[in-house]
Every structure is written in C-alpha cells, then in structure tokens.
Amino acid sequence: MAVEIKELTSRSENYSQWYNDLVIKADLAENSAVRGCMVIKPYGYAIWEKIQRQLDDMFKETGHVNAYFPLFIPKSFLSKEADHVEGFAKECAVVTHYRLKNDPNGRGVVVDPEARLEEELIVRPTSETIIWNTYKNWIQSYRDLPVLCNQWANVVRWEMRTRLFLRTSEFLWQEGHTAHATKEEAIEETERMLHVYAEFAEKYMAVPVLKGLKSANERFAGALETYCIEALMQDGKALQAGTSHFLGQNFAKAFDVQFLDKDGKRDYVWATSWGVSTRLMGALIMAHSDDNGLVLPPKLAPYQVVIVPIYKTDEQLAAIDEKVAGLTARLKAMGISFKYDNTTNKKPGWKFAEYELKGVPVRLAIGARDMENNTVEIARRDTLTKETISFDGIDNHIKSLLDDIQSNIFKKALDFRTSKTFSVDTYDEFKEKIEEGGFIMAHWDGTPETEEKIKEETKASIRCIPLEGNKTPGVCMVTGKPSAGRVVFARAY
Numbered sequence: 005m006a007v008e009i010k011e012l013t014s015r016s017e018n019y020s021q022w023y024n025d026l027v028i029k030a031d032l033a034e035n036s037a038v039r040g041c042m043v044i045k046p047y048g049y050a051i052w053e054k055i056q057r058q059l060d061d062m063f064k065e066t067g068h069v070n071a072y073f074p075l076f077i078p079k080s081f082l083s084k085e086a087d088h089v090e091g092f093a094k095e096c097a098v099v100t101h102y103r104l105k106n107d108p109n110g111r112g113v114v115v116d117p118e119a120r121l122e123e124e125l126i127v128r129p130t131s132e133t134i135i136w137n138t139y140k141n142w143i144q145s146y147r148d149l150p151v152l153c154n155q156w157a158n159v160v161r162w163e164m165r166t167r168l169f170l171r172t173s174e175f176l177w178q179e180g181h182t183a184h185a186t187k188e189e190a191i192e193e194t195e196r197m198l199h200v201y202a203e204f205a206e207k208y209m210a211v212p213v214l215k216g217l218k219s220a221n222e223r224f225a226g227a228l229e230t231y232c233i234e235a236l237m238q239d240g241k242a243l244q245a246g247t248s249h250f251l252g253q254n255f256a257k258a259f260d261v262q263f264l265d266k267d268g269k270r271d272y273v274w275a276t277s278w279g280v281s282t283r284l285m286g287a288l289i290m291a292h293s294d295d296n297g298l299v300l301p302p303k304l305a306p307y308q309v310v311i312v313p314i315y316k317t318d319e320q321l322a323a324i325d326e327k328v329a330g331l332t333a334r335l336k337a338m339g340i341s342f343k344y345d346n347t348t349n350k351k352p353g354w355k356f357a358e359y360e361l362k363g364v365p366v367r368l369a370i371g372a373r374d375m376e377n378n379t380v381e382i383a384r385r386d387t388l389t390k391e392t393i394s395f396d397g398i399d400n401h402i403k404s405l406l407d408d409i410q411s412n413i414f415k416k417a418l419d420f421r422t423s424k425t426f427s428v429d430t431y432d433e434f435k436e437k438i439e440e441g442g443f444i445m446a447h448w449d450g451t452p453e454t455e456e457k458i459k460e461e462t463k464a465s466i467r468c469i470p471l472e473g474n475k476t477p478g479v480c481m482v483t484g485k486p487s488a489g490r491v492v493f494a495r496a497y
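See below:
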C-alpha cells in the first residue's frame, strides 16, 4: 500500500501529470460531477482555511470589514460599464428560468417554459457591478467614506479547459471593494493591498513574488491600472498569484455613485477592487513540492507535526500514549498544530509514506527502544533528513525546526527564481531563453501591437512592469524603439 501511495509521475517526466497526480493522491481535491468544477476535500480545504484565516486577519488589520453580496447579478448591471462587460461576457453563466416541472413524457424534470425571468440573471464572475449598485445607497457624503469592504465568496467563470485549483469554472476567493473621496487615497489603497498580498505570499506561503503593474492588454476589465504579484513555478512558468485594481471613477460613473465633498461640491467616488483565489493552492503545490509529494510551509500546514508510535504490544502503545500526552499538551500551549496517529489499522511504514505525501513538515517516530533511551526520531519533510535526539526539550527543538523549514523552503524557491531569471537584449536571444522557462527581463516599446506579436510568436506574455528594480532606459528588442525600462516576460498558467 505504501508503494502505491507514493506512485507519482516525476516532475521531469511530465510536470502537468505530476501536478494532477499530487492533487488527487494527497487528497486535496477531485473533479466533480459538474464539468469544470471541483470538490475540495477536507485536507485541501484545511489548507485553504489557513490561507483564509491569515489573510482575513491581515485585511482587518488594515481597516477592512467583511460583508456579503448576492450571487446573482441582473444582466443590465453588466451593460453599464462597457470594458467590464466585454471582459467577462464570454465567461458568464446565465440564469433564464426560475422553475422546473415534471416532463409530461415521464423523463424526469424539464424547464418550465412559462417560468422565464423578465430579466436574466448572471451568476457572478466578479462583484463590482452588484456592489457599486449597493454603494449608491450607502454613500451620500464625504463622511460616509472610505468604504472598506471585503467578501469571501465563490464566483463562476465558464472555462473550456480546466485544471484543479488553477482554472475551474467555479472557484473560491475573496474580493475587496473600496470607495474613496480622492484619487490619491484610492491609489494608496490599491498599492497597500498589493503589499499585503506580497507579504502573505512570501511570509506565509514561502513563495517569492515580483510586484508590478499589468500592461494595458493584461489589465482587469474596467480598471485604469492593475497591480499584481507574479510567482515562478518549478516548471519555469509564471503564475499570477494576486491582483489589486485601481478602478478610477469608472464604476462610480456607471452606477451614479456621487458624494458631497467638504466644500459642498458633488463628485464621483474613487474605487478599488482586489482579490486572491483558490489558485493560491496551485501556487503552493507547484512552488515547493517534489516527487515524493507535497512540501508544505509550516505556517499553512493543516498540522505541523505528526507523531507515529511504533510498537508490538498494547502495553508498549499505552506507555507511548502516556509519554506523548505530555508532549502534545506542550505543543498545544505553544500554538503548534499536531496529529498523534495511534490508529491500529495501518502500519507505521504506511503512515510514514502517507504523511510524506501530504507534506507534513515534521514527523516524530517513537518506539520501544526510544522509550528506553528517552529519545525520539525526528524527520523534516523539506530535506527528507532524520535524526535521533533526546526527548527532553523536544518541544523547543520542534519550534525552531519549524521556523527553519519555513525559511529554508522560501530560500529554495528564491534561489530557483534567481537561477531562472534572465536579461536579454535581442529578440533572437529572447526566443531562445523563453524555451528554457523562467522570467525574462527585456525591453519593450510599450505598444500593444508589439506585445501581441511577441505573445503570438512565442506564447510569452508580459507578466508585469516591475515596481522595483532596473528602470534603465533602452530599446525594444523587437522594434528598436525607445523603452522606459525592462519588463518581465514569461509563459504562464
């Protein structure tokens, strides 16, 4: 059984299949009966809950509050902001009827043709329109601003090609929607939330990210600017891990959301929106995991420590149970999550393979000889190394080990990104390097035409115009026209 559990396609053989195998075999998610949708299994959802809990705390620390808005959006709302509807029209699921009835021919149920809605409803692909229609009732004066709302919800974007966590027709996310009295406040909010996302990705997910602006072609539909964090996966492809949008006054004008300023003048409010989704689960898997299974950063692992007893008799198990009880009480007091697996229906070898596959950061094994010697075997998932140490002070050793694993996972990912980041000056060099994967820093003339040409010919897109780093002017690698600075290209998920 242990061998069967560990049978993953290797990353070098087929990275895409390795990813699919891992999501399924580590019990994170599975395909559902509804095409393009997934079932997030308890272990996968436990990781998402950790992500959600930490982000929610960070949002609240920056003054945001949670609310909830309807799943259904009247079709007319999407028509009010032209760029927005154009951006999402092809992905919308539409509700046209409100009732079923028994098929007169005895073939189950059919849609009742008499129950057609007067106006079709769109299952939300994102909530700007329904929220700004609501904000019209909330905002009359500068005293009502800012409005700093976030919602945790599901959205539907009808996808033709789906992959678990990375691209599904329905996914979970959070979406922040804020309203401000001035342009400067709104831009400050947009940038603040980008930095929150970057801090979360690096400090908790242990995934290094680049912060930058999207090109006009890649902006969110209806935004004046889209800020993003971009991560590099182990196959050399980029993954957009979060976005924050400066919406200007576009949605306020579309839904006539005006306020009286301090001078008694009427003006449209300034808006932002920002979000991350269960796509972060895909980033977590692909940035760190190996051919043995998941490698989870301790700060997001459902349990940070697993303890496996090794025994032959009930008396030995009872003695180990008693010794472990004291340890688990101390771990709980320290805020370290754990699982003591003293189930009797599976052998220790099976358990070792299972928890390695599931990416548990630290594993302890305690047997009869350890009881005699007052020792414990401790294994770390990131390096697959083991050592036998004294049971005394093991709780403090575990705490420092978890910190070391968290920083080591981040360093490994950062070193990988550094090794896969290249600067090129010619288009021929670009075409050669893009085949190797990674982030390519290159000059671009700023035109959508050149951007589209590069994308068509190489399948690489502009991931971001970096906020930090080299701003040295140069010339476009394709056209030779002036370039303000290098931008980041990559092939992406």
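According to my numbering, the sequence shown holds residues 5 to 497 in order.
Where is the CB? At the ideal position from N, CA and C, for every residue including glycine.
Bear in mind the structure is a predicted one, so any value in this text is a computation, not a measurement.
Below 8 Å between beta carbons: does that hold for residue 170 and residue 283?
yes
In angstroms, rounded to a whole number, what distance separates the CA positions of residue 38 and residue 173?
9 Å
Take residue 415 as the anchor and find which of 43, 163 and 208 has the nearest alpha-carbon.
208
4-residue-minimum alpha helix (DSSP H) runs that sit fully inside the segment 215 to 289, ordered along the chain:
254 to 258
Three or more C-beta pairs below 8 Å linking the segment 269 to 286 and the segment 366 to 386:
no
Residue ranges of each beta strand (DSSP E) within the segment 96 to 131, 3 or longer:
97 to 101, 104 to 106, 113 to 115 and 120 to 127
Within this structure, are the beta carbons of residue 175 and residue 200 separated by less than 8 Å?
no
Burial state of residue 472, where buried means 16 or more other Cβ atoms lie within 10 Å
exposed
Buried or exposed, going by whether 16 or more other CB atoms sit within 10 Å of the CB of residue 339?
exposed
Rank 479, 494 and 313 by C-alpha distance to the C-alpha of residue 436 and give the top, closest one.
494
For residue 40, which of helix, strand or coil comes out of DSSP?
coil
Please determine, among 49, 35 and 13, the residue with the shortest C-alpha to C-alpha distance to residue 4.
With the chain represented from 5 up to 497, any question about residue 4 goes unanswered, as that position is not in the structure.
Hey, how far is the Cα of residue 310 from the Cα of residue 303?
15 Å
Measuring only the C-alpha atoms, how far is residue 6 from residue 105?
Note that residue 6 has pLDDT 39, beneath the 50 cutoff, so the model's placement of it is unreliable and the number below is only indicative. Going from the Cα of residue 6 to the Cα of residue 105 covers about 50 Å.
Check this for me: beta carbons of residue 157 and residue 235, under 8 Å apart or not?
no
My understanding is that residue 272 touches residue 256, with C-beta atoms under 8 Å, so please give their C-beta distance in whole angstroms.
4 Å
For a quick check, are the C-beta atoms of residue 500 and residue 481 less than 8 Å apart?
Beyond the ends of the chain as shown, which are 5 and 497, falls residue 500; an answer cannot be given.
Could you confirm whether any beta carbon from chain C is found closer than 8 Å to the beta carbon of residue 180?
In summary, chain C is missing from the structure at hand, where a single protein chain is found.
Pairs of beta-carbons, one from the segment 67 to 82 and one from the segment 130 to 147, closer than 8 Å: are there three or more?
yes
Taking 8 Å as the cut-off, decide whether the C-beta atoms of residue 417 and residue 491 are in contact.
no
N-terminal and C-terminal residue of the beta strand (DSSP E) that residue 444 is part of
443 to 447
Cut-off 8 Å between Cβ atoms - residues of its own chain near residue 9, not counting five sequence neighbours on either side:
Its pLDDT being 49, under 50, residue 9 is placed unreliably in this model, and the coordinates cannot settle the point.
So, at 6 Å on beta carbons, what are the nonlocal neighbours of residue 16 in its own chain, with the 5 sequence-adjacent residues on each side left out?
none
On the DSSP bridge assignment, give the partners of residue 478 in chain order.
487
Give the straight-line distance between the Cα atoms of residue 69 and residue 205, rounded to the nearest whole angstrom.
21 Å
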